[in-house]
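In my numbering, the protein residues as written are 19 to 101.
Where a beta carbon is used, it is the ideal one built from N, C-alpha and C, also for glycine.
These figures come from a predicted structure and were not determined experimentally.
Working notes, structure below.
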Amino acid sequence: MPKVSFAADIKPLFRDIDISHMKRFDVELDNYVYMSNPDNADQVLANLSAHNGEPPSMPPGGPYWTADQLALFTKWQEDGYQP
Ligand code: HEM
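Here's what the structure looks like:
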């Protein structure tokens with residue numbers, strides 16, 4: 019299986035509204051340098067994921083990422099944050 023790429027596979031999962039709203043909070047969803055910092059990527063993934071039966075916190079009210087999309091993000095991390 020080819021390695022997951024930020025530009026080709028991950029960045030397109032974020033909507034323009036996600037990217038623009040989160041810049042205000044210094045969360046740069048479209049910025050490879052920001053996203054390839056493992057602490058930032060882990061925090062983004064945590065916000066996209068359900069916790070203890072609670073829906074994900076991001077994006078507020080949904081639409082939430084599917085299990086396949088979350089798995090792709092995890093594989094991007096496991097593949098070593100390819101650009
Ligand atoms: C480090 C990760 C993140 C943090 C700490 C974070 C935090 C926040 C906070 C505090 C707000 C404003 C309060 C609220 O509306 O609940 C917000 C708004 C928003 N976030 Fe995030 N967020 C993160 C990641 C994301 C991701 C990954 C997405 C989308 C895939 C996203 C999409 C949005 C959108 C669309 C809004 C605006 C909601 C509105 O104004 O109606 N955020 N975020």
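Cβ pair residue i, residue j closer than 7 Å
{"i": "D57", "j": "K29", "result": "no"}
{"i": "P101", "j": "Y52", "result": "no"}
{"i": "Q87", "j": "L31", "result": "yes"}
{"i": "L63", "j": "M76", "result": "no"}
{"i": "K21", "j": "D97", "result": "yes"}
{"i": "Y99", "j": "S54", "result": "yes"}
Beta-bridge partners of residue i, as assigned by DSSP
{"i": "H69", "result": "E72"}
{"i": "Q100", "result": "S23"}
Of the residues the options, the one placed nearest residue i, counting alpha carbons only
{"i": "P81", "options": "A68, F43, S23, E46", "result": "A68"}
{"i": "P78", "options": "E46, G71, D36", "result": "D36"}
Go through the residues and name those whose CB comes closer than 6 Å to any heavy atom of ligand 1, in chain order.
-> Listed by chain position, these are F32, I35, D36, H39, M40, F43, V45, L47, Q61, V62, N65, L66, M76, P77, P78.
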